[in-house]
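Per the numbering used here, the sequence shown starts with residue 133, numbered consecutively.
This report concerns only the one structure given below.
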Amino acid sequence: MKLKIIKGKHPLSIHIVWLVILLSILGIYRYLPPSTCIFHRVTGYPCLSCGISRAVEALFARDFIGMLYYNPLAVLFCAGLFFFSLLKLIEFIFGFTLKLSAGKKVLFFVRMSLLISVVANWLFLVVTKR
Numbered sequence: 133m134k135l136k137i138i139k140g141k142h143p144l145s146i147h148i149v150w151l152v153i154l155l156s157i158l159g160i161y162r163y164l165p166p167s168t169c170i171f172h173r174v175t176g177y178p179c180l181s182c183g184i185s186r187a188v189e190a191l192f193a194r195d196f197i198g199m200l201y202y203n204p205l206a207v208l209f210c211a212g213l214f215f216f217s218l219l220k221l222i223e224f225i226f227g228f229t230l231k232l233s234a235g236k237k238v239l240f241f242v243r244m245s246l247l248i249s250v251v252a253n254w255l256f257l258v259v260t261k262r
């Protein structure tokens, strides 16, 4: 794996758009009725993302055990999203961009790890009848 530092600012516009979308969702989230999963209603099985809304709500309430209870993969997703956003903010402030490149074996390992994580999370949701 190689890590390269590229001088020059990365465009911030896409991050501003995502921030506006996130703040909009957070602003109206409490006023929306709870949504139902169509896949779960039709098949009786939870979808891959069942419980993520409740897990994020538990995160905002600082209930980390509850977040794990609803959807364990949501914890990793939120942590990854937080650190990625923090990295992008640091890149913007200090005026550089990090570029990570990896070989085929490393990419295969990462992809298989992600696939196994998603399948294991889904099996957890099915077995625990979420």
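Note that CB positions come from ideal geometry on N, CA and C, so glycine has one too.
| query | result |
| --- | --- |
| Counted within 10 angstroms of its Cβ, other Cβ atoms place G183 as buried (16 or more) or exposed | buried |
| Stretch-stretch touch, CB-based, cutoff 8 Å, three pairs: the segment 250-262 with the segment 175-194 | yes |
| DSSP state of S181 mapped onto helix, strand, coil | coil |
| Extent of the continuous alpha helix (DSSP H) to which K220 belongs | 204-226 |
| C210 versus T175, V188, A193, residue with shortest Cα-Cα distance | V188 |
| Three-state class that DSSP yields for T175 in the structure shown | helix |
| Pair within 8 Å by beta-carbon distance, S249 and L191 | no |
| Neighbour-count burial assignment, M244, 16 or more Cβ in a 10 Å radius | exposed |
| Cβ neighbours of L203 in the same chain (closer than 6 Å, five flanking residues each side left out) | Note on identity: in this sequence residue 203 is Asn, with Leu being the wrong assignment. Answer for N203: G183, I184, A187, listed in chain order. |
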